[in-house]
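In what follows, a single structure is set out as C-alpha cells and then discussed.
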Amino acid sequence: MSRKNFRSGTNGFGELRQTVRADERPSETVFAGFRPFRNQAADTAPRRQENPFRYIIAAFQTASRKRIPMLLALSLNDFVIVDSLDLQFQPGFTVLTGETGAGKSITLDAVGLLLGGKADYAQVRGGAKEARLSALFDLSEMPELQNELREQGFLADDADELSVRRIIDAKGKSRSYLNGQAATLAQLKSIGSRLIDIHGQNAHQSLNREAAQRELLDAFAGCLPLAQEVAAAYRARQSALAALKAAEEQREQLQIERERLEWQHGELSRLAPAPGEWESLSQSHDSLAHAAELVQTAREVEDIIDGEHGLQYHVYRCQKNLESLSGIEPRFAEALELLASVEAELGEAAAAVRGVASRTELDPAELAAQEERMGELMSMARKYRIEPQELPAKLEETEAALQHLEAAADPQALEAAARERDREYTEAAERLSAERRAAALRLAEEVTENMQHLAMKGAQFAIELVPASPTAHGLEHVQYQVSANKGSPLRPLNKVASGGELARISLSLQVAAGRHTRIPTLIFDEVDTGIGGGVAETVGRALRRLGAAHQVLAVTHLPQVAACGEHHWQVSKNSDGEQTVSSIRVLDEAGRTGEIARMLGGETITATTLSHAAEMLANAAERPHSGTEAV
Numbered sequence: 003m004s005r006k007n008f009r010s011g012t013n014g015f016g017e018l019r020q021t022v023r024a025d026e027r028p029s030e031t032v033f034a035g036f037r038p039f040r041n042q043a044a045d046t047a048p049r050r051q052e053n054p055f056r057y058i059i060a061a062f063q064t065a066s067r068k069r070i071p072m073l074l075a076l077s078l079n080d081f082v083i084v085d086s087l088d089l090q091f092q093p094g095f096t097v098l099t100g101e102t103g104a105g106k107s108i109t110l111d112a113v114g115l116l117l118g119g120k121a122d123y124a125q126v127r128g129g130a131k132e133a134r135l136s137a138l139f140d141l142s143e144m145p146e147l148q149n150e151l152r153e154q155g156f157l158a159d160d161a162d163e164l165s166v167r168r169i170i171d172a173k174g175k176s177r178s179y180l181n182g183q184a185a186t187l188a189q190l191k192s193i194g195s196r197l198i199d200i201h202g203q204n205a206h207q208s209l210n211r212e213a214a215q216r217e218l219l220d221a222f223a224g225c226l227p228l229a230q231e232v233a234a235a236y237r238a239r240q241s242a243l244a245a246l247k248a249a250e251e252q253r254e255q256l257q258i259e260r261e262r263l264e265w266q267h268g269e270l271s272r273l274a275p276a277p278g279e280w281e282s283l284s285q286s287h288d289s290l291a292h293a294a295e296l297v298q299t300a301r302e303v304e305d306i307i308d309g310e311h312g313l314q315y316h317v318y319r320c321q322k323n324l325e326s327l328s329g330i331e332p333r334f335a336e337a338l339e340l341l342a343s344v345e346a347e348l349g350e351a352a353a354a355v356r357g358v359a360s361r362t363e364l365d366p367a368e369l370a371a372q373e374e375r376m377g378e379l380m381s382m383a384r385k386y387r388i389e390p391q392e393l394p395a396k397l398e399e400t401e402a403a404l405q406h407l408e409a410a411a412d413p414q415a416l417e418a419a420a421r422e423r424d425r426e427y428t429e430a431a432e433r434l435s436a437e438r439r440a441a442a443l444r445l446a447e448e449v450t451e452n453m454q455h456l457a458m459k460g461a462q463f464a465i466e467l468v469p470a471s472p473t474a475h476g477l478e479h480v481q482y483q484v485s486a487n488k489g490s491p492l493r494p495l496n497k498v499a500s501g502g503e504l505a506r507i508s509l510s511l512q513v514a515a516g517r518h519t520r521i522p523t524l525i526f527d528e529v530d531t532g533i534g535g536g537v538a539e540t541v542g543r544a545l546r547r548l549g550a551a552h553q554v555l556a557v558t559h560l561p562q563v564a565a566c567g568e569h570h571w572q573v574s575k576n577s578d579g580e581q582t583v584s585s586i587r588v589l590d591e592a593g594r595t596g597e598i599a600r601m602l603g604g605e606t607i608t609a610t611t612l613s614h615a616a617e618m619l620a621n622a623a624e625r626p627h628s629g630t631e632a633v
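Per the working numbering, the sequence shown starts with residue 3, numbered consecutively.
Below, the structure written as C-alpha cells:
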C-alpha cells in the first residue's frame, strides 16, 4: 500500500509529500488543508467538465479580500521526479528554496510547458505512461483576454477563470486543453505570454545578443505587437519584391502552371480543410468510437458491485454473520471495521462507474459523419502526399502561388503592390522607431538608478539605436551600452561587463521592465546569480515591492532574498531506495527560520545561524518595502 505523510504548518497549509513503491501508481493526492480531487481522464476531454481545481478555488476565494489576475493553482502528475503534486499560489512575493539538485526549477519547467514550451519524453517520470500538468488562472480585470477566449470558444460568458492542461506521453507527444477543450501549442503560447513572464537563470548571458536586447526594450515600451506588425510588413514587402523580380525573369510556363494551381485550389477549396480540424476530429472520434464500450463496461462493473448478488451483497452477509458472533468473540470487531471500509469504498467505486456511464454519450450519426469527413481529408492528403493536418497550409500555399501567377501577368500591378508594401512597412517601422527612442531614454534612466543600489556606484547605462537598412526588426540596431565606472566612456555591453556585472545589469533591467508590464505573474529563476550581501537584500526588497502590483515567484539560493518573501516554499528530494521523488512544503515562521539558517550555514545549523536567520526575517518584516528606493 502506498504511504502518505502530511505535516501541516501554522499558516493552514502544509507539506505535500507522497512516496510510493516502484510498482504502484498514486490514485489521489491531497494538499494539506484542502479536499482531494481526482484528475480527469486525459484521452477524451469532454467539451464541458467539472473543474478539478474547484476546492482550491473555493478556499482561495474565501481567504482573499479581493480577486486579482494571477496563477491560482498548479497540478503535476508523473512529471520528471514528481509523482503527484498540487499547489495553491497566493498573491504577493513567494520564494522557492532548497538544496542544489532538489528540483527547484521543476515547477518552473512545468509552467513553461503549460505556456507552450517544447515537450520531451524525458519529462515523463520513469515507469509512468504519461505526465499530466494542469494550471488554473484568475482572469479578473483582464477583459481583453477574456473576450478573445470567448471568441475562440474557450471561456463561457459568465466565467473569468482559465484552466490549462497538457498531457505528455512516453514518446514525447503531447495534447493540450484550455478549459477542457482541445487547443494548439500556438494558442497556449499566445495566451500564456499574457499571463506569465519567466525570467530565466541564464537571462544575463543572453543580454550579449542583440535579439534579447531588442526584445526587452520592445517589451518595456509595450510595443511587442507593433514589432510583430513590422515583421509581418517586412515579409509582405520582401514577398512583393520577389514576385516582381520573378515576373521579370520568367514568363514562360505561367499559363500551364496557373491552370494546374487553379485545379488544385478548386478541389482544396471545395474540401475546405480548417486549421486544427483534423486534430479536433481525431480526439472527438476516439471518444465517440469507444463510447459504447465505455458504457457497457461501466454498467457491467456496477452490476458486479451493486447487483442482486454482487460484492455489496456478499459484504453485507459477512457483516451479518460476524455481528451475530461478535459478542462471543470480540476479535471479530477488527474484521467488521475492515468490512465497513470495504463497503464504503465499493459504494464509491459503483458511483464512479455509474457517473462515467451517465456522462458518456452514444451518437452513431455523429460518429458516421466524422468518419466520412476524416475519410475525405485522408484521401486528399494521400493525393498530395502530406499529412491530413497539413491540408489547410496546402490550401493557403496554392492561394498564394495562384495570386503570384495572376499578378505576374500584370507587371504594373506587381510594381504598384511592391510600392504599397514598402510604404506600409516604412510607416510601421518608423512608428516602432519612435516608440523605441522614447522608451530607450526611460529604461536607461531606470536601469542606471537601479545599478547604483547593486554595488555599481557611478555606473551608467544607455541604449543606442543605430540606423540600419530595412529588416524584419525595423530600421535600427539596438545596442546596450554601459560605463561601469564614473567618467569611463560608454561601450557596448558585451565588451566591458564582467559576468558579475552582467548579472546585476540584467537584474536591473528585469526589475525595471517588471514595474511596467501588464503581465500579472512574474517568475524569476535564480536571477540573483553573481550577487550577495547587502546587494542581495536590496534585490529581495525590490522583488517584494514588485509583489505589491504583481504575483511574483522567485527561485533563489540567497538567504537575503528568501528573507524578503511574503510566502516561502521549500523543495526537497527524498529517496526510499526504490525511487526518488521531489516534494514541496509551505514553511511557517519556524520552518522559514530553519531553512534560512541552512542557506546561511549549510548542513550544520547552530544556534548562531538560527539567531542570524531570525534576525534577517525580523529586519525584512520591519523594513518598509515600498516607496521611492530603486531596485
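For every residue, glycine included, the Cβ atom is placed at its ideal position computed from N, Cα and C.
No experiment lies behind these values; they were computed from the predicted model shown.
Task: Candidates Glu310, His559, Leu341 and Ala623, of which the one nearest Lys322 by Cα - done: Leu341
Open item on the list: I need the DSSP call for Glu466, collapsed to helix, strand or coil.
Closed with: strand
- [ ] Could you say which of Ala550, Gly549 and Leu504 lies nearest to Ile1 if we only look at CA atoms?
- [x] Outside the modelled stretch of the chain, which goes from 3 to 633, sits residue 1, for which no answer is possible.
TODO: State the start and end residues of the unbroken alpha helix (DSSP H) segment that holds Gly596.
DONE: Glu591 to Gly603
Task: C-alpha gap between Gln405 and Glu399, whole angstroms - done: When rounded, the distance between both Cα atoms is 10 Å.
Open item on the list: Which of the three DSSP states is assigned to Tyr551 in this structure?
Closed with: Per the sequence presented here, residue 551 reads as Ala, with Tyr not at that position. Collapsing the DSSP output to three states places Ala551 in coil.
Task: Runs of alpha helix (DSSP H) lying entirely within the segment 404-488, each at least 4 residues, in chain order - done: Those alpha helix (DSSP H) runs which fall completely within the segment 404-488 and span 4+ residues are 413-454.
Task: Anticipated Cβ contact below 8 Å, Arg375 with Leu283, distance rounded - done: Contact check for Arg375 and Leu283: beta-carbon distance about 6 Å, within the 8 Å limit, so the pair qualifies.
Task: Ser77 beta carbon less than 8 Å from that of Ser136 - done: yes
- [ ] Quick one: which unbroken beta strand (DSSP E) runs of 3-plus residues sit fully inside the segment 554-588? Chain order, please.
- [x] For the segment 554-588, the full-length beta strand (DSSP E) segments reaching 3 residues or more read 569-577 and 582-588 along the chain.
- [ ] Measuring alpha carbon to alpha carbon, tell me which of Ser574, Glu331, Ala274 and Ala351 ends up nearest Arg301.
- [x] Ala351
TODO: Look at the Cβ atom of Arg134, then the Cβ atom of Asp80, and state whether they are nearer than 8 Å.
DONE: yes
Task: Gly200 - partner residues in DSSP beta bridges - done: A quick correction: the sequence has Ile, not Gly, at residue 200. Bridge partners of Ile200: Ile525.
Task: Ile198 and Ile525 closer than 8 Å at C-beta - done: yes
Task: Three-way DSSP call (helix, strand, coil) for Gly536 in this model - done: helix
- [ ] Give, in chain order, every unbroken run of the alpha helix (DSSP H) that is at least 4 residues long and sits entirely within the segment 98-126.
- [x] For the segment 98-126, whole alpha helix (DSSP H) runs of length 4 or above, ordered along the chain, are 108-116.
Task: Exposure label - Thr64; buried when at least 16 CB within 10 Å - done: Model confidence at Thr64 stands at a pLDDT of 40, short of 50, so the residue's coordinates are unreliable; what they give is reported in the following sentence. The residue in question, Thr64, is exposed, as its Cβ has fewer than 16 Cβ neighbours within 10 Å.
TODO: Please list, in chain order, all residues of the same chain as Pro390 whose beta carbon is under 7 Å from its beta carbon, the five residues on each side excluded.
DONE: Trp280, Leu379, Met380 and Ala383
Open item on the list: Just verifying my parser: in three-state terms, what is the DSSP assignment at Gln215?
Closed with: helix
Open item on the list: Could you give the first and the last residue of the continuous alpha helix (DSSP H) run that contains Ile258?
Closed with: Leu256 to Leu273
Task: Beta carbon of Ala564 nearer than 8 Å to that of Thr102 - done: In this structure, Ala564 keeps its C-beta atom at 8 Å or more from the C-beta atom of Thr102.
Open item on the list: Taking the alpha carbon of Phe139 as the reference point, which residue from Ile169, Glu150, Asn181 and Gly118 has its own alpha carbon closest?
Closed with: Asn181
- [ ] Alpha carbon to alpha carbon, how far is His316 from Leu1? Give it in angstroms, no decimals.
- [x] No statement about residue 1 is possible, as the shown extent of the chain runs from 3 to 633 and does not include it.
Task: Arg384, DSSP secondary structure in three states - done: helix
- [ ] Could I get the ranges of all uninterrupted alpha helix (DSSP H) runs contained in the segment 136-210, with 4 residues as the minimum, in chain order?
- [x] 145-153, 187-194 and 205-208
Task: CA-to-CA distance, Ser241 to Ala403, given in whole angstroms - done: About 11 Å.
- [ ] Could you please give me the residues that DSSP links to Asn496 through a beta bridge?
- [x] Paired residue(s): none; Asn496 is not in a bridge.
Task: Nonlocal neighbours in the same chain, by C-beta distance under 6 Å from Pro277, ignoring five residues either side - done: Within the same chain, Pro277 has close Cβ partners Pro394.
TODO: In angstroms with no decimal places, state the Cα-to-Cα distance between His569 and Lys106.
DONE: 15 Å
TODO: Report the residue from Pro71, Ala112 and Arg506 whose alpha carbon sits nearest the alpha carbon of Leu89.
DONE: Of the residues Pro71, Ala112 and Arg506, the one whose Cα lies closest to the Cα of Leu89 is Ala112.
TODO: May I ask you to report which of helix, strand or coil DSSP gives Ala130?
DONE: Here Ala130 sits in coil by DSSP.
- [ ] Give a yes or no on whether the C-beta atoms belonging to Val84 and Val557 are separated by under 8 Å.
- [x] Not a contact, by the Cβ cut-off of 8 Å.
Task: Met618 versus Leu495: straight-line alpha-carbon distance, rounded - done: 34 Å
Open item on the list: Which same chain residues end up closer than 7 Å to Leu445 when comparing Cβ atoms and leaving out the 5 residues on each side of it in sequence?
Closed with: Leu219, Phe222, Ile465 and Ala514
Task: Segment contact flag, the segment 224-242 with the segment 479-486, C-beta cutoff 8 Å, min 3 pairs - done: These segments do not touch.
Task: Three-state secondary structure assigned by DSSP to Asp365 - done: coil
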